[in-house]
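Take the first sequence: its position 441, counting from 1, is numbered 441 in my numbering, and each next residue is one higher. For glycine and all other residues, C-beta sits at the position ideal for the given N, C-alpha and C. Computed from a prediction, not measured in an experiment: that's the story for all the values here.
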Amino acid sequence: MDPQPTYPFAEVEARWRRSPSARPDRDLPADASKAAVKHYIYPWPAPFSVGGRADLSIERRWVLADTLARLQGHRAQAPVVPIVVDGFAPAPPGGRPADRARECLETLEIRRTGEVVDTTAPAFYRFTQWIFLELHLKGLAARILKRVDACTRCGRKYRFGSLASCRACQGEISERRESEWWIDISGYGERLVQDLEGGQWPREEMLGQKDVLGRVRGSEVSFQVSRLFEDEYAELVVFTTHVERIFGVTFILVDPYHPIVEAVLDPAYEDDVARYRERLRKGAEPRISAARTGGFALNPANLRRIPILVSPLASVPPSDGAVMAVPAHDPELWELAKRLKLPIREVIHNDKAKFDSQSRLEEPWLGDGVLTNSGSFTSLPVRVGRDRVIGLLNRKGCCQRATRFRRSRLLAAAQGVWGPPVPVVHCKRCGIVPVPEHELPVELPPELAAGPVEGGLAASKRFVRASCPACGEAAARDADGILPWLGTAWAYLRALLPGLDGPVEGFQGQAPGEVRPEATSSDATREAPAPATPAVPAREAPPEERAPEAAQAPDSSVPSSPAPHLDVLPEDIDIFAVPSAAPAAAGDPAQESAQESAEEPAEEPAEGPGGEEERPAEPDAAAGGSGEEGEGPVAPPEAAPGGEAAAVARGAIEPDLASTTVEEALPQQSPRGTPAKEPGPAKGLEGGGEEADDEDDGEEEAADRLSSLRPFSGPFVPALLPVDTAIGAGSLRPGDILAVRFLARFLQETGHSPVAEPFRRYLRAGAVQVGPPPAVPPPKSPAKGAAGPAEKARPGDGGRGPPGGAPAAGEEPRSLSELAGRFGADAVRLCLLFGGPPPRPIAVDVHRARCMQRFLDRIWRQMLLRRERGRYVSRRMLVEKHQMIHRVTERLQAGKPHTAVAALMRFVRFLEDRETAPEDMDRFAMRTFIILLSPFAPFLARELWAAMGETDDLATAPWPVASDELVHPPEREFPIFVDGRLRDRMQQPASLEPEKLESRALQRDRIRELVGSRRVERVVVVPQRLVSIVLATEPPRQG
RNA sequence: GCCAGAGUGGCGGAACUGGCAGACGCACGGGUUUCAAAAACCCGCGGGCCGCAAGGCCCAUGGGGGUUCAAGUCCCCCCUCUGGCACCA
């Protein structure tokens, strides 16, 4: 035989790439109503880093999407497959990701719909910002100032109060404030959980999301609280899952920074609490500890006065900063009570518990039991008691059922994050003022357009300087960056709105009444909003030039000038100054040494100055700007002294768990805590922590402020949503998906999107590692393979033996284009599909690519051979063919492309079988095979198609349908079991009646022999399947 | 610690609602071809036992119990690993 012909992929690909009809991408049709677009496949946006990557995870998603889309294409549909590149994600910058993505798509012959969407394009993030504003106006997004501890040496950040010195470099820890924007989703939790059931979520994803949301059902109990010698009462709401234990509550713990502390703290205890806080911060206090506040609460059940203490134990979820302590039934509280000599009162009795001679509990009882010491509820079982207690307290008006969610907020923007700027302005007079819609986008300054820069937005003075859209006074732009998820979370809508790049009514920047004074004029990119290639004028503001503190900061343990974060403000706008009368942090210089991190800790986003005092301060205040650095007209004022200390002194104490300050309070941070009322999402946040029981009003009011624009209202949006198949990245955490689902709900509620659930089906595609498996895991092989093959494994031959150590040099340096160049695009596609089940991570390497290439060669040969000789089609061939159709179709739709490929391979194997004549495959069979092949290996398929002389368009050739009759042939083999063991088989008509199957089975020689003289006790016949014979147990002679 | 998921040949992995375990691929062994090698092609390939052979039997889906005519699949206990949560989103 001649040397076996091989598939000349290079030549074929070149030919088809050159062909004008081969342009792989397409646009949404102009007229939606005529279009056959019915199917929407959405590969999750991803960062697309530039340069050699050892990771083809995105390509895997794209190929999977493309393969599924091609299948639909054969079903007379033009599926929509947008490609979105998330440039803001923390990927190494240094190029135009969108361009590289385009190249890659072309290489792999992936069809996309429309242009590659880049989240970093101002035309895109204009709407990210717009959505952000909608969230803000609806009262869901609010700004919070948060304390963090940061290492003064390496900049690493830690939770406030958690450490005494840097875990990584032992450097000194100092407090710093950071601003963050959070979205309150507590009102959406219930629906987010419920609607999981309806969707086609893989079990794992569903559980993950539920887990992240962390729904806890319980009750809220309000306690009257007061200072020691005062009669004035305030209210404290405590969440608990065990109301029935209310009679056992002997004290109350609150977070050391809980706002209620302010209300109840007795002057006599002020020092104690302050010291306690400080000791906690330094790690000098154990977790199980507490300090008295001198405040008391009234137990509504038995009207006893119980002390209020501050303790970190109060912040353990699901509690949100206050717990009613029942020490008798909680180990930690038990220990605390013992230490502080607080009373312990048994309320759940069980004889199994340990009691001392006076029948007092000897250790906390955690199990079940009946209520005791509980007034009229005594001796009720816990379950019953709970309902009764709720009933009682409810009548007293101090208890209601409540649901909490562990994740009730989403981080939407933060200081130092590289992302679209938060489109608001901070004005001394008006507070937080949204940038008007028509001024969107608020573009990134040029030095930040291409990638993150140390110090972030706040470092750009020109950016920060602005004027208040409301009053026209000088103001400062918010310097926080919006997190990547918010951009990608609406990208599936963007892809259906091709016009969104251009002018959109209501959004064009240069509207008549535009108020944008000096701040704008210097900003080059401002003028050209649209698709914007922000001509980056080579970093006009090198980071070094700004902020002298940065230079002095790195290792100085000396507190630098307090709060350098104000250096970004123009000197004449002293917006966030704190009353200079404030006790200037006198007490505590250490707290003030906020400073920038010179080097970024690897895992934290770039972090900058900026961030201001909470609460737009009273206008009369002025903190001196010492004007350290007079670059241009902008002189950074000196920071307002005593940010934190002053705040504390004024009593503006962080309401959230220990470490955050709300600027516009999120509901659950109001002193009362949050009643996360089920049905009503989107309570107004405005007005600080005022109780929003009149939700309707709040909502209406908010609605008034929402945008009247409907930019997302193209014809394709209702036609194609929800997305039919979303292909998520393996790296997506459940919380990320949750965020997208939340946003979808929000957009639906506000009338911007027709669907609340964005995805009909969700597939996850795991990571792809390029190259050979990481290393030889040494512990693995020695035990078993010691003698045989392990010894013989030849390490030398071209990366073969998987455990054989490093593959031959020269083989391995790889990239997508190199692989595609050596083995062809189809082979790479197959690698990505065949590598394993989508959710799992796979590897792609030269060896695997070659295997796929070999498979393509085998196809090539068979098809050439049969094109010459094929004449007829046998029944055997038909059955094989239809089984292949059935398997490929079903497996591909099921999201298991690797088994679909296996079905193709199986068929090819059948063709190669000796028993299969070269003549046995007619033209139709070949057509069918090629069509089935084409979603997986489009180049080869197209070449074969042309070689067959077919002239119709392969891409839209109708997908074959498997005939049931042939998939399940009329004659089949029935296994026969005797006593549960496979003993014989017989060929019989598939639909033979059970009775006949039974009798024919019993008549078989082999079965008669096995049965012998024993009695047939039972025969189980499964029609279409098998016969199972049960014999009576042997007569008991050898028993 | 809490919650969830997964453990199948030497490897990646198949197996629809309980119904012939190991599809497909790799690796490995033998053979054909070749001066030789690569490539290609053919045969074999979970383990053990009986048999010259055809063939047959037994054991095998982390371990141990159970339900069933029948268990990788369902139930209980245990072991191991992974993921999520708990200190961050």
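Among the options, nearest to residue i - alpha-carbon criterion
i	options	result
ALA491	ILE131, GLU1017, LEU940, GLY369	ILE131
ALA726	PHE127, GLN194, GLN200	GLN200
LYS354	PHE716, GLY367, GLU915	GLY367
LEU500	ALA291, PRO122, ILE432	PRO122
SER963	ALA470, ARG406, GLN883	GLN883
THR983	ARG1008, LEU966, VAL961	Looking at the sequence itself, residue 983 is Arg, so the reference to Thr does not match. ARG983 has its Cα closest to that of ARG1008, out of ARG1008, LEU966, VAL961.
GLU244	ARG176, SER376, SER934, GLU232	SER376
PRO975	MET206, ALA990, LEU410, TYR872	ALA990
ASP351	ILE885, LYS338, VAL370	VAL370
HIS752	PRO718, ASP724, TYR762, ASP736	PRO718
Residue i and residue j closer than 7 Å at C-beta
i	j	result
GLY481	VAL417	yes
ASP184	LEU137	no
VAL347	ALA297	no
LEU192	ARG741	yes
ALA291	VAL310	yes
ALA46	ALA820	no
PRO434	TYR125	no
GLY918	ARG869	Rather than Gly, the amino acid found at residue 918 in this sequence is Pro. Closer than 7 Å, so yes.
ARG100	VAL116	no
PHE1041	ARG215	For the chain, the structure presents residues 1 to 1039; residue 1041 sits outside this window and is missing.
THR293	LEU253	no
ALA843	ALA827	no
GLY114	PRO498	yes
Cβ-based burial, residue i [other Cβ within 10 Å; buried from 16]
i	result
GLU134	buried
ARG710	exposed
LYS396	exposed
LYS881	buried
ALA623	With a pLDDT of 33 at ALA623, under the threshold of 50, the modelled position of this residue cannot be trusted; read the value that follows with caution. Label assigned to ALA623: buried.
THR6	exposed
GLU11	exposed
ASP320	buried
SER179	buried
LYS996	exposed
LYS461	buried
For residue i, three-class secondary structure by DSSP
i	result
ILE185	coil
SER977	Note on residue identity: the sequence assigns Phe, not Ser, to residue 977. The answer is strand: DSSP assigns PHE977 an E or B state.
PHE823	helix
TYR276	helix
VAL1021	strand
TYR7	coil
ASP271	helix
ALA889	For clarity, residue 889 is Thr in the given sequence; the question names Ala instead. Note: THR889 maps to helix in three-state DSSP.
GLY730	coil
ILE573	Residue confidence is low: ILE573 scores 29 on pLDDT, short of 50, so the model does not pin down where it sits. No coordinate-derived value is stated.
ALA337	helix
ARG388	helix
PHE88	coil
TYR233	coil
GLY321	coil
SER999	helix
LEU940	helix
GLN358	coil
ARG741	helix
ALA962	coil
ILE260	helix
GLU109	coil
Q. What alpha helix (DSSP H) runs, 4 residues minimum, are completely inside the segment 430 to 507?
A. 446 to 449, 461 to 464, 484 to 488, 491 to 494
Q | Sequence ranges, alpha helix (DSSP H) only - wholly within the segment 840 to 878, length at least 4 | A | 846 to 869
Q. Which residue spans inside the segment 202 to 253 form an unbroken beta strand (DSSP E) run of at least 3?
A. 215 to 227, 234 to 240
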